[in-house]
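Student:
Residue numbers (our numbering): 50 to 343.
1. Cα separation between residue 161 and residue 195?
2. Roughly how far, in whole angstroms, is the beta-carbon of residue 280 from the beta-carbon of residue 311, given that I think they are within contact range, below 8 Å?
3. Can you tell me which of the three DSSP states residue 50 falls into?
4. Is there contact between the stretch 275–293 and the stretch 317–337, where contact requires at least three CB pairs shorter than 8 Å?
5. Where does residue 193 sit, in a helix, a strand or coil, going by DSSP?
6. In chain order, what residues of the same chain have a beta carbon less than 8 Å from the beta carbon of residue 181, not counting five sequence neighbours either side?
7. Near residue 236, which residues of its chain fall below 7 Å by C-beta distance, leaving aside the five closest residues on each side in sequence?
8. Between 98, 184 and 77, which lies nearest to residue 320 when the distance is taken from Cα to Cα?
9. Take the Cβ of residue 49 as the centre, count every other Cβ of all protein chains shown within 10 Å, and call the residue buried at 16 or more, exposed below.
10. Using the three-state DSSP reduction, which class does residue 281 fall into: helix, strand or coil?
11. Residues in its own chain within less than 7 Å of residue 225 by CB, not counting five upstream and five downstream?
12. Would you mind reading off the limits of the alpha helix (DSSP H) that contains residue 129?
13. Could you give the DSSP three-state label for residue 161: helix, strand or coil?
14. Please determine, among 165, 300, 293 and 248, the residue with the shortest C-alpha to C-alpha distance to residue 326.
15. So, does the stretch 251–260 touch the stretch 293–308, judging by three or more C-beta pairs under 8 Å?
16. Going straight from the alpha carbon of residue 203 to that of residue 318, what length do you get?
17. Select from 228, 243, 308 and 116 the residue whose C-alpha is nearest the C-alpha of residue 340.
18. Given 8 Å as the limit, is there contact between the stretch 116–126 and the stretch 94–101, that is, 3 or more CB pairs closer than that?
19. Tell me whether residue 142 is buried or exposed, calling it buried when 16 or more other Cβ atoms sit within 10 Å of its Cβ.
20. Just reading off the beta strand (DSSP E) that residue 330 is part of, what are its end residues?
21. Which partner residues of residue 292 appear in the DSSP bridge assignment?
22. So within the stretch 227–290, which uninterrupted alpha helix (DSSP H) runs reach at least 4 residues, ignoring any that extend past its ends?
23. Distance, Cα to Cα, residue 296 vs residue 136?
24. In the structure shown, what three-state DSSP assignment does residue 86 receive?
25. Kindly indicate which three-state DSSP category residue 181 falls into: helix, strand or coil?
26. Please classify residue 156 as buried or exposed, where buried requires at least 16 other C-beta atoms within 10 Å of its C-beta.
27. Give the DSSP-derived three-state secondary structure of residue 141 in the structure shown.
28. Provide the residue(s) that pair with residue 80 in DSSP beta bridges, ordered along the chain.
29. Going by the CB atoms, is the gap between residue 177 and residue 261 shorter than 8 Å?
30. According to DSSP, is residue 341 helix, strand or coil?
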């Protein structure tokens with residue numbers, strides 16, 4: 050490409066002003082000397098492991114808007130999922146898997162059909178007792194989907210005896226991971242050749258762990274009052290009508306359909322035909338729910 054005199058002059062000026070240039074400067078992210086995932090060592094002495102983590106750190110750190118929004122949501126959703134993980138004996142580091150899956154967006158769906166904070170597929174959700182249809186989809190229920198994810202992870206850990214492989218299985222599926230471990234005669238995530246998405250998956254989780262535990266180190270300046278507050282100002286009512294009109298439920302309880310959906314992401318439409326009289330526990334916003342406060 051031939052540069053015009055004007056373009057060349059602008060570039061030359063940018064590179065030479067003050068002797069330092071005007072372009073944003075990028076630095077390679079700091080990688081610790083030692084690192085663990087769920088109590089299991091990450092062998093950073095291996096060049097491929099080190100470079101894989103470095104790559105995911107760069108992807109995470111320089112995807113600024115998405116990464117910042119994910120960080121802002123940590124306080125809101127970690128306070129919900131951490132006690133459930135603890136109840137099931139799931140290591141704390143798996144909350145970073147949740148970050149990697151959804152960016153802590155409880156309403157997100159994937160092109161493959163996965164949904165919610167834990168990006169659960171329809172068949173998997175039903176397998177673990179979640180109601181999944183076009184009107185009510187409990188994959189978007191934060192507590193219930195976290196319980197389903199914990200059960201899946203526990204089963205994978207019992208199968209492999211490794212939390213790192215359990216994390217990989219969450220991405221690839223137990224059958225897909227089994228097939229590759231057996232074909233290669235390996236039993237360690239860092240030694241097995243996997244599809245690129247799964248090969249990068251644990252490193253993506255580790256990058257979010259490093260950033261979340263020390264955001265300032267990596268250039269993310271967020272004060273404690275700037276993190277999104279927990280949405281914990283609510284009461285719970287039971288609804289079991291044969292036909293449920295969610296806006297009526299909202300108005301009868303002094304709120305709006307919009308605010309009802311803020312707490313009950315599993316509601317996916319305006320109405321629900323409920324001939325069996327199934328009972329739903331619905332969170333109702335309190336008086337101060339919508340008030341912005343630190």
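Glycine residues also receive a C-beta, built at the ideal position from the N, C-alpha and C atoms. All figures in this text were calculated on a predicted structure; none of them were measured in a lab.
Tutor: Working from what's here:
1. Counting from one through the chain shown, the residue named residue 161 turns up at place 112. Counting from one through the chain shown, the residue named residue 195 turns up at place 146. When rounded, the distance between both Cα atoms is 20 Å.
2. Position 231 of the chain shown, counting from 1, holds the residue named residue 280. Position 262 of the chain shown, counting from 1, holds the residue named residue 311. Confirmed, Cβ separation roughly 7 Å.
3. Within the chain shown, the letter at position 1 stands for residue 50. A caution first: residue 50 carries a pLDDT of 48, below 50, which makes its placement in the model unreliable, though a value can still be read off. Here residue 50 sits in coil by DSSP.
4. yes
5. Along the chain shown, one-based indexing puts residue 193 at 144. Reduced to three states, the DSSP call for residue 193 is helix.
6. Working through the chain shown from its first residue, we reach residue 181 at position 132. Cβ neighbours of residue 181 beyond the five flanking positions: 171, 174, 175, 187 and 188.
7. Working through the chain shown from its first residue, we reach residue 236 at position 187. Excluding positions up to five away in sequence, the list reads 230.
8. In the chain shown, residue 320 corresponds to position 271, counting from 1. When each option's Cα is compared against that of residue 320, the closest is 184.
9. For the chain, the structure presents residues 50 to 343; residue 49 sits outside this window and is missing.
10. Position 232 of the chain shown, counted from the first residue, corresponds to residue 281. Correct three-state label for residue 281: coil.
11. For the purposes of this step, residue 225 is taken as residue 176 along the chain shown, with counting starting at 1. Correct list: empty, nothing qualifies.
12. Within the chain shown, residue 129 is the residue found at index 80, counting from 1. Unbroken alpha helix (DSSP H) run through residue 129: 123–137.
13. Within the chain shown, residue 161 is the residue found at index 112, counting from 1. DSSP places residue 161 in coil when its eight states are reduced to three.
14. Start at 1 with the first residue of the chain shown, and residue 326 comes out as number 277. The candidate whose alpha carbon is nearest that of residue 326 is 293.
15. no
16. On the chain shown, position 154 is the one that residue 203 refers to. On the chain shown, position 269 is the one that residue 318 refers to. Taking the straight line joining both Cα atoms gives about 33 Å.
17. Reading the chain shown from its first residue, position 291 is the one you call residue 340. The shortest Cα separation from residue 340 among 228, 243, 308 and 116 belongs to 308.
18. no
19. For the purposes of this step, residue 142 is taken as the residue at position 93 of the chain shown. Flag for residue 142 reads buried.
20. The residue you call residue 330 lines up with position 281 of the chain shown. Here the beta strand (DSSP E) through residue 330 covers 329–334.
21. Locating residue 292 in the chain shown gives position 243, where the first residue counts as 1. DSSP, once it has assigned bridges, lists 322 as partnering residue 292.
22. 245–262
23. Here residue 296 refers to the residue found at position 247 of the chain shown. Here residue 136 refers to the residue found at position 87 of the chain shown. Looking at the two C-alpha atoms, the distance is approximately 34 Å.
24. Taking the chain shown and counting its residues from 1, one reaches residue 86 at position 37. In the structure shown, residue 86 sits in a strand (DSSP, three-state: E or B).
25. Residue 181 sits at position 132 when you count from the first residue of the chain shown. In the structure shown, residue 181 sits in a strand (DSSP, three-state: E or B).
26. Indexing the chain shown from 1 puts residue 156 at position 107. Classification of residue 156: exposed, given that the 10 Å Cβ count is below 16.
27. As a first step, residue 141 must be located in the chain shown, where it is residue number 92. Coil at residue 141, not helix or strand.
28. For the purposes of this step, residue 80 is taken as residue 31 along the chain shown, with counting starting at 1. Residue 80 is not bridged to any residue.
29. Along the chain shown, read from residue 1 onward, the residue named residue 261 stands at position 212. Along the chain shown, read from residue 1 onward, the residue named residue 177 stands at position 128. For residue 261 and residue 177, no; Cβs fall outside 8 Å.
30. Along the chain shown, read from residue 1 onward, the residue named residue 341 stands at position 292. Residue 341 falls in the coil class under three-state DSSP.
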